[in-house]
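Using the numbering used here, read the sequence shown as starting at 1319 and increasing by one per residue.
Virtual Cβ for every residue (Gly too), placed ideally from N, Cα, C.
Worksheet: the structure to be examined is printed underneath.
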Amino acid sequence: MAALNKRSLTDLQEMDKSHHLHPFTDHKELHAQRSRVISRAEGVYIFDADGNKILDAMSGLWCVNVGYGQQELVDAATAQMQELPYYNSFFQCSHPPAIELAALLQDLSPPHLNRIFFTGSGSESNDTIVRMVRTYWDLMGQPERHTIISRDNAYHGSTVAAASLGGMQSMHKQSGLPIPGIVHVAQPYWYGSDQSLSPHDFGIAAARTIEDKIKEVGADKVAAFIGEPIQGAGGVIVPPDSYWPEVQRICDEYGILLISDEVITGFGRLGEWFGADHFGTRPDFMPFAKGVTSGYLPLGGVFVSDRVADVLTEKAGEFAHGYTYSGHPVSCAVAMANIKLIQRENLVGRIKNDIGPYLQEKWRALGEHSLIGDTRMVGLMGAFEIVKEKSSLQRFEEDQNAGATLRDHLLQDGVCMRAVGDKIICAPPFVLSHSEVDTMIEATWKALDLTKASLAGSQYG
Ligand code: PXG
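In structure tokens, the structure reads:
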């Protein structure tokens, strides 16, 4: 580590360019600009190798929920590495961290979710679910029930099955996805619709596209529906209140399994432990990852309902599936320390009653800016839409890169958010203080003004 830290930034960037292939990156673009090297972090701040201090309003990649530098997570990892750095949970083996974490997790989850299968990531969790769902219906004597319904613009991961579940066209185009038996319906994105329906009616109509698809595929062929309670990577798409109750009604009516992908919304982000608690759904599966360890170590998993787990455990014989790092002891120990910290500091309640409402009010007020067409935020997960003209909600031309321009202005002012097209999204750490919210919002107002000026320049000048 010492040797690496001694290298100059230019050396690091040169090595990065020569040897490191990055996820979701256009390498020609990266090599033209050089990578941004983040070298340390503390609280809600990251520091780049140029010494810039940046407020991380994305919690890394939606995961560092307790903020950086939490010593008790480091201590938990160190102690576990000394005690038992690795053992597997295959072939009748187990170890205390996986056992204790599974018990702790089922305490937090809705009452009918009492079994947990561990993985190393959200993608692996969703691949696991595809296999469990199909195995469940095979064991129930309905092997033709293999189709899973998902949604356009969903993100469920990057492995072959998870990317197929996702609804990102750009991912499907590369390598011939989706795999057979996965179909997609509309996302509940009222702002992105023609807005001719009220949000309530639009929510019902969006849910009913699932019912239409069930009828099209054949009710006896549909195994499950998967959705993120709030679509994250797709641009923080908050469904109208009418949406999830109608989805639940449809799943119940046709007897299909409901999968609530909690990889981002799990562990408190919305001011409840899970998105299913916030929206009142009763999922059969909840995949999770990210926030379970606050990203300090990789860990994922799947909550499995009693309805499914009873069949899998009693009828399946061996379920031939698992990962070397399923329930890695060090990751599990860190997850326990992370959850205990969240509980002790009442961070979920803080999002619901304190820092959530405080940020939400200021976020909503940004809507007064002439460049903003919509703002939305639940808990600490929010977005706004950039528009060229507020009255008609007309967007900027794609090649004006309004979202990226605003994101870059924000970054220059020391705040990191993400641009998804012309949406700006944020998901700050749960430990964000009131004054850090003020810093974030002040920088956003300033970036909006600068963006307006620079886009006016690019448009007319
Ligand atoms: N489900 C959801 C809802 C996610 O957001 C995954 C599954 C996959 O998790 P893993 O651990 O395999 O990455 C995710 C991941 C983005 C972005 O651009 C979002 C994710 C990952 C990378 C980038 O917002 N979410």
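For residue i, three-class secondary structure by DSSP
{"i": "residue 1541", "result": "strand"}
{"i": "residue 1454", "result": "helix"}
{"i": "residue 1567", "result": "helix"}
{"i": "residue 1556", "result": "coil"}
{"i": "residue 1386", "result": "strand"}
{"i": "residue 1371", "result": "strand"}
{"i": "residue 1432", "result": "strand"}
{"i": "residue 1770", "result": "helix"}
{"i": "residue 1319", "result": "Any reading at residue 1319 needs caution, since the residue's pLDDT is 45, under 50, leaving its predicted position unreliable; the model's value is listed next. Residue 1319: coil per DSSP, three-state reduction."}
{"i": "residue 1642", "result": "coil"}
{"i": "residue 1581", "result": "coil"}
{"i": "residue 1551", "result": "coil"}
{"i": "residue 1448", "result": "helix"}
{"i": "residue 1765", "result": "helix"}
{"i": "residue 1733", "result": "strand"}
{"i": "residue 1636", "result": "coil"}
{"i": "residue 1437", "result": "strand"}
{"i": "residue 1749", "result": "coil"}
{"i": "residue 1512", "result": "coil"}
{"i": "residue 1442", "result": "helix"}
{"i": "residue 1754", "result": "helix"}
{"i": "residue 1760", "result": "helix"}
{"i": "residue 1349", "result": "helix"}
{"i": "residue 1460", "result": "coil"}
{"i": "residue 1631", "result": "helix"}
{"i": "residue 1404", "result": "coil"}
{"i": "residue 1614", "result": "coil"}
{"i": "residue 1492", "result": "coil"}
Between the CA atoms of residue j and residue i - distance to the nearest angstrom
{"i": "residue 1522", "j": "residue 1469", "result": "15 Å"}
{"i": "residue 1815", "j": "residue 1615", "result": "Lying before the first or after the last residue shown, residue 1815 is absent from the chain, which here runs from 1319 to 1779."}
{"i": "residue 1423", "j": "residue 1330", "result": "40 Å"}
{"i": "residue 1364", "j": "residue 1437", "result": "28 Å"}
{"i": "residue 1727", "j": "residue 1625", "result": "50 Å"}
{"i": "residue 1335", "j": "residue 1367", "result": "16 Å"}
{"i": "residue 1695", "j": "residue 1627", "result": "34 Å"}
{"i": "residue 1393", "j": "residue 1705", "result": "47 Å"}
{"i": "residue 1520", "j": "residue 1551", "result": "22 Å"}
{"i": "residue 1404", "j": "residue 1439", "result": "17 Å"}
{"i": "residue 1497", "j": "residue 1445", "result": "12 Å"}
{"i": "residue 1647", "j": "residue 1530", "result": "45 Å"}
{"i": "residue 1738", "j": "residue 1409", "result": "44 Å"}
{"i": "residue 1629", "j": "residue 1566", "result": "22 Å"}
{"i": "residue 1537", "j": "residue 1476", "result": "28 Å"}
{"i": "residue 1560", "j": "residue 1506", "result": "10 Å"}
{"i": "residue 1766", "j": "residue 1593", "result": "31 Å"}
{"i": "residue 1748", "j": "residue 1383", "result": "5 Å"}
{"i": "residue 1462", "j": "residue 1638", "result": "20 Å"}
{"i": "residue 1466", "j": "residue 1579", "result": "14 Å"}
{"i": "residue 1752", "j": "residue 1549", "result": "26 Å"}
{"i": "residue 1556", "j": "residue 1758", "result": "22 Å"}
{"i": "residue 1491", "j": "residue 1351", "result": "26 Å"}
{"i": "residue 1447", "j": "residue 1581", "result": "13 Å"}
{"i": "residue 1661", "j": "residue 1774", "result": "48 Å"}
First through last residue of the alpha helix (DSSP H) which encompasses residue i
{"i": "residue 1354", "result": "Run containing residue 1354: none; DSSP gives neither H nor E here."}
{"i": "residue 1721", "result": "1720 to 1730"}
{"i": "residue 1334", "result": "1327 to 1337"}
{"i": "residue 1597", "result": "1593 to 1597"}
{"i": "residue 1532", "result": "1517 to 1535"}
{"i": "residue 1425", "result": "1414 to 1426"}
{"i": "residue 1379", "result": "1377 to 1380"}
Residue interval of the beta strand (DSSP E) (run including residue i)
{"i": "residue 1738", "result": "1736 to 1738"}
{"i": "residue 1703", "result": "1699 to 1704"}
{"i": "residue 1265", "result": "No answer is possible for residue 1265: the residues shown for the chain start at 1319 and end at 1779."}
{"i": "residue 1742", "result": "1741 to 1744"}
Bridge partner(s) assigned by DSSP for residue i
{"i": "residue 1605", "result": "1620"}
{"i": "residue 1469", "result": "1503"}
{"i": "residue 1575", "result": "1542"}
{"i": "residue 1487", "result": "Bridge partners of residue 1487: none, in fact."}
{"i": "residue 1712", "result": "1707"}
{"i": "residue 1359", "result": "1364"}
Residue i: CB within 8 Å of a non-hydrogen atom of the ligand GTP
{"i": "residue 1581", "result": "Ligands present in the displayed structure are limited to the ligand PXG, and the ligand GTP is not among them."}
Cβ of residue i within 9 Å of any chain D Cβ
{"i": "residue 1753", "result": "The structure shown contains no chain D; it is built from a single protein chain."}
Problem set entry | Length at least 4, wholly inside the region 1649 to 1695: the alpha helix (DSSP H) runs in chain order | 1665 to 1671, 1673 to 1683
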